[in-house]
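There are 2 protein chains.
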Amino acid sequence: MALRRSVTLEDVARRAGVSRTTASYILNGHSAQMRISPDTEARVRGAATDLDYRPNRSARSLRTRRTATVGLISDQIAGEQYGSSMLTGASIAARELDHLVVMGESGGDPELERLLIEEMVDRHVDGVVYATRTARTIRLPAGLRGVRAVLLNCEDPTAQVACVLPDDEGGGRLAAAELVAAGLVHVWVLGVDPVPDATAGRRRMVGIRAELALAGIAVAGVVDCDWTVGEGFAATRDWLTRGGRAEGLICMNDRLAMGAYQALAEAGLRVPDDISVVSFDGSALASWLRPELTSVELPFPELGALAVRRLLDPDDHGGTDSVPLSVRAGGSVRRR
Amino acid sequence: MALRRSVTLEDVARRAGVSRTTASYILNGHSAQMRISPDTEARVRGAATDLDYRPNRSARSLRTRRTATVGLISDQIAGEQYGSSMLTGASIAARELDHLVVMGESGGDPELERLLIEEMVDRHVDGVVYATRTARTIRLPAGLRGVRAVLLNCEDPTAQVACVLPDDEGGGRLAAAELVAAGLVHVWVLGVDPVPDATAGRRRMVGIRAELALAGIAVAGVVDCDWTVGEGFAATRDWLTRGGRAEGLICMNDRLAMGAYQALAEAGLRVPDDISVVSFDGSALASWLRPELTSVELPFPELGALAVRRLLDPDDHGGTDSVPLSVRAGGSVRRR
DNA sequence: ACCACATGCTGAATCGAATCAGCACAGTGT
DNA sequence: ACACTGTGCTGATTCGATTCAGCATGTGGT
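Quick note, the sequences are listed as chains A and B, same order. Okay, so the first sequence: first residue is 1 according to my numbering, each after it adds one. Okay, so the second sequence: first residue is 1001 according to my numbering, each after it adds one.
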């Protein structure tokens, strides 16, 4: 309950000795269409400042049907370890455009998602960013049809929606390039996409193979497992006990890499002397490991910010943005 | 731009053959004060359903001065590793009370914080939750005076504000109790609060000492350092090289414990055979370490949810809530 | 002296719901 | 036949801004 003294446009107009109309035009900067004398303009602005006038947003929204508010709906963004910085980026971009972010986390529950979208549309948000934790293919929720929306970290090939994605294929090339530059030839990959709709792993693989191919190398082998620390550990240990060896290991995310580190340590293999490791995410975890992990960083804040900017850009008419990844160098790749 | 067909109360009233007034009273459940015949009520509700009537929130807000929206402002919550689940909890609680969360992250910048608070108050949020990443003492921002607010994970002893905190002292007792139960006597603590305003470390120490005292034990020693992996590693290594030894080590958070694990491993000490480790946070990281870390879990989602519930409870008149922590057992404490 | 035109402003309607004050009608008691 | 009470509803106003349509006044040309 905001107990602000209620200074209305009427008060400002009265104090400046003009009509509400005039005051409104001046304060909204439409003076060009209105022909206002400099003197009047100064008086109105002065009055607004003196009274600390703040327009009532509800009243304004009622007329203009805009709220200076964007919705951000996601499955797991807020409570997630890494992706949450998408929220930060979105929030910053929104503020720069004088908007606030209304957040909704569905936890993956379609019914809750429907409710949240409905609540946002009811509140006349100026648009909705629909984000997913993992990059994947989705169906645009029915509640968003006819609503201005941008997909963030996901895509719907069947819908005509603006869409912001990380360039996972380029990221794959970057990861492979790190190993190639170190002169490594025998490269394995840990953790290819388990989920059918997920796109990140597949695209990264394309990039990895392409970049290795440039050096005349093929991927020596792939260990498939879930993208968690535990699975990374178990899969790597299995691989090692089966006699698996490599010069370089590309892990699909930092958690997998942590699991791999553990299994490698247990087997007495040292990073990077015995084996080089590169991964994806560029999360804080990468910098916590010893040696620090060389990781291809996902630009989460930029992704979030870009989605909001596109959402609020009236000249944006769809299409997919592919945001480049970058390497965060650690000490997990052998120096040539 | 939500392009919803605009069904107004007027449309519903017309279809039901009643006045707007009647329709309004029925749909808002004030029928008790109004005496409405069951027949009319059914007709109005039917019409609302048929037309898929959704009240215009802006119009409603203009009259009622309420928006069914709560502000959540914080320094780092969104982009943070662990605390972000406060947001999740807040968002869920808000939805249960038919509200949405408007988020603002200041990044610790007081000017941005001021702006965000102003924007929220301008938009007539029904209240503001003011959260900090680390539990500490703060000054209620000037913009929140006179605004309904709840402090989350922080407190201002000089202000009369509702306040939701984790029970760090109780948490300290839980941590110590784990070691006492394992029959350990020689206990060190790693990482006491570096920041002057921070309260978590101090309170946990009080709890730790109290619980140990019950068993007739005193803290054998304290290693002071920042609450990061790097510092935890360095401090523990220094301590070990200086001949430091203990049966049990209490780390002030999971990251510190990770650093300690690394230093202990380097020194050839095994957890929990040579030394038992307990920490605070109960973050995902605790479950990633090998052996899994026994950690006193901070109930972030509950904290966030409680803050929102209190904010929206008209009968809540201030005071401090202390939410209990709980032990997430791992394998880092020696079995007796 | 008269018209044309630019200048600088205002009145009133509008957005959609909430709500106060009160009205028409039916039934009951005397 | 009359007042009285209860039932079930409605008209009109209000919240605070935006915006369309138009009205005085002054200025210059002929």
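For each residue, glycine too, the CB sits at the ideal point set by N, CA and C. Every value quoted in this text rests on a predicted model; they were computed, and no experiment measured them.
Rounded to the nearest whole angstrom, the CA to CA distance from A:S24 to A:A48 is 11 Å. Per DSSP, the beta bridge partners of A:P166 are A:V323. Between the alpha carbons of A:V189 and A:D273 lies a distance of about 18 Å. Per DSSP, the continuous alpha helix (DSSP H) segment holding B:D1254 begins and ends at D1254 to E1266. At a cut-off of 8 Å, the C-beta of A:R114 has no neighbouring C-beta in chain B.
Along the region 1186-1202 of chain B, none of the residues has a CB nearer than 7 Å to a CB of chain A. Between B:F1233 and B:A1263, the gap from beta carbon to beta carbon is short of 8 Å.
When CB distances to chain B are screened at a threshold of 9 Å, the residues of the region 283-310 of chain A falling below it are S283, A284, L285, S287, W288, L289, R290, F300 and P301, in chain order. By the rule that beta-carbons nearer than 8 Å mark a contact, B:R1255 touches chain A. Relative to B:G1183, the option among B:R1334, B:V1128, B:S1006 and B:T1022 whose CA is nearest is B:R1334. DSSP places B:T1236 in the helix class (H, G or I) of the three-state scheme. With respect to the 8 Å criterion, B:V1129 and B:L1072 are classified as neighbours on the basis of their beta carbons.
A direct Cα-Cα distance of roughly 48 Å separates B:V1223 from A:L212.
Within the region 101-112 of chain A, those residues whose Cβ lies closer than 7 Å to any Cβ of chain B are, in chain order, V101, V102, M103, G104 and E105. Of all residues in the region 1122-1135 of chain B, only D1122, R1123, H1124, V1125, D1126 and G1127 come within less than 8 Å of chain A when Cβ atoms are compared, listed by chain position. In the structure shown, A:A135 adopts extended strand secondary structure according to DSSP, grouped into three states.
According to DSSP, B:F1280 shares a beta bridge with B:V1296. When the Cα atoms are used, A:V278 and A:L298 turn out to be separated by approximately 14 Å.
Within its own chain, the residues whose Cβ lies closer than 8 Å to the Cβ of B:L1009, once the five positions on either side in sequence are excluded, are R1020, A1023, S1024, L1027, Y1053 and P1055, listed in chain order. Within its own chain, the residues whose Cβ lies closer than 8 Å to the Cβ of A:I217, once the five positions on either side in sequence are excluded, are V180, V185 and V187, listed in chain order. A direct Cα-to-Cα measurement between B:N1153 and B:R1336 gives close to 35 Å. A contact between stretches requires three or more CB pairs, one per stretch, nearer than 8 Å, and the region 74-87 of chain A meets this requirement with the region 1078-1087 of chain B. In the assembly as shown, A:V296 is a buried residue. Its beta-carbon has 16 or more other beta-carbons within 10 Å. Note that the C-beta distance between B:R1123 and A:L100 is below 8 Å. In this structure, B:A1305 lies near B:A1090, with their beta-carbon atoms less than 8 Å apart. DSSP, read as helix, strand or coil, puts A:S74 in strand. Contacts between A:Q81 and chain B, judged by CB atoms closer than 7 Å, involve Q1081 and A1284 in chain order. Membership of A:E105 in the beta strand (DSSP E) is indicated by the continuous run L100 to E105. If you check the CB distance, B:D1156 and B:T1132 do not come in under 8 Å. A:T67 sits close to A:S61, with the two beta carbons spaced by under 8 Å. Comparing alpha-carbon positions, the option among A:R95, A:A265, A:L312 and A:L256 lying closest to A:C225 turns out to be A:L256. Around the beta carbon of B:M1258, a 10 Å sphere encloses 16 or more other beta carbons of the protein chains shown; the residue is thus reported as buried. Positions of the alpha helix (DSSP H) runs, each at least 4 residues long and wholly inside the region 40-69 of chain A, are given as 57-64 in order along the chain. For A:A213, the enclosing alpha helix (DSSP H) has its first and last residue at A200 to L214. With respect to chain B, the C-beta atom of A:E231 has no partner C-beta closer than 8 Å.
Here B:I1092 carries a helix assignment [DSSP, helix/strand/coil].
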